[in-house]
Amino acid sequence: MFKQISLLIIRFIVGGLFIFSGMIKVNDPVGTAIKLEEYFDVFSNDIASFFHLFKDIALPLAVFLVVAEVVLGVMLILGVRLRFTVWALSLMILFFTFLTFYSAYFNKVTDCGCFGDAIKLTPWESFTKDVILLVLIAVLFFFRKDLSNDGPSWAKWSVRISLVLSVFLAVTAIRNLPFIDFRAYKEGVNIPQAMQPSAPLQYNYIMRKGGDEFVFDQYPADDSYEFVEMKLVNEEALPKISDFAVWNEEGDYTEEILQGKKAVVLITNISKMNRDHLDKIDELLIGIKGSEVKPVLVAASSEDEIQGLLESRGWEMEGFQGDATVIKTIMRSNPGLMLLNDGVVIKKYHFRNTPPSSEVISLLK
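The sequence shown lines up with residues 620 to 984 when you count with this note's numbering.
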């Protein structure tokens, strides 16, 4: 009896964590795909070059993984095909544990994306979490013969519903934008304020003298102390945004883009940009011409590519360069539109949902 209750508790803990993790990532499969691309880049350089090929299927692979997390979690809790479920979870947690260990030990990918952008974990925290899950799943695996291998019909229907619903939500998030934005550039964020510390940064100065180490909250005036290192005390006060910048061959444009009313067209990569809905952007730019709203293009591409796109489309606006990682963080669409009012993110749009000019002008009044 005690064993069965213990196994049931473990099933609920593991299943609940997988459902929670999966649902957060179902909300933003593109973010999971970006994280997988980071791993594939690292593995192609450190392990074998063929890992680079997986970047082309990062998005469908991301959808498969996040949906599998949700469905397997539901199956584990409801007791549907438990032996298969435990096998599948064992393989999945071994894969995740390898990824987080590699990230932590070699300091390669500093955020595993285990809980998307909702909960940030350090590499070692992620690895510890996976080790705990690995132990719990190992217990289930060891006692898998004691687990019922079938569930009631209503449970099987619940699994099917969770599968359909998860796929539907993932595809909808890909074709639009995440339902809930956990990122630093979500709507309502004041970017200039987020680029500043929330409080004065405080440091401890580790000094050495006579073989002993001393800690000071101010740098000592005594020259007999040897500097060892400086540690930030209040990390929570660090700026939420530290990498936002746009520029062109004439210089930095970051300060200017955060002033006034801006309709910012963001492009991760011009050569890979979806061109099916560019006519909507054409109409938008024509509609806001002469208004207070100034259109701006920011792309993670070369100056020549940016100017070539502006000329080919007849877009009358300035073009600037930006970092690809930052643009991907801001916008899960290539291209996408972000409305700024004195640096405050008013609204973001997937290219499929590019708004009419009247809506943009109204939002930026």
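Note that CB positions come from ideal geometry on N, CA and C, so glycine has one too.
Contact check, residue i vs residue j, beta carbons under 9 Å
i           : j           : result
residue 924 : residue 946 : no
residue 880 : residue 961 : yes
residue 891 : residue 809 : no
residue 956 : residue 973 : yes
residue 980 : residue 906 : yes
residue 685 : residue 785 : yes
residue 900 : residue 883 : no
residue 770 : residue 691 : no
residue 680 : residue 768 : no
residue 793 : residue 964 : no
Residue i - partner residues in DSSP beta bridges
i           : result
residue 822 : 851
residue 827 : 832, 845
residue 883 : 915, 957
residue 866 : 871, 940
residue 968 : 956
residue 738 : 734
DSSP state of residue i mapped onto helix, strand, coil
i           : result
residue 912 : coil
residue 963 : strand
residue 795 : coil
residue 809 : strand
residue 900 : helix
residue 860 : coil
residue 666 : coil
residue 928 : helix
residue 722 : helix
residue 729 : coil
residue 815 : coil
residue 974 : coil
residue 803 : coil
Among the options, nearest to residue i - alpha-carbon criterion
i           : options            : result
residue 657 : 830, 722, 894, 975 : 722
residue 908 : 933, 891, 887      : 933
residue 649 : 797, 958, 712      : 797
residue 813 : 660, 855, 844, 669 : 855
residue 911 : 864, 730, 983, 857 : 983
Residue environment, residue i, which counts as buried when at least 16 other CB atoms sit within 10 Å
i           : result
residue 950 : buried
residue 877 : buried
residue 667 : exposed
residue 847 : exposed
residue 783 : exposed
residue 622 : exposed
residue 745 : buried
residue 742 : buried
residue 838 : exposed
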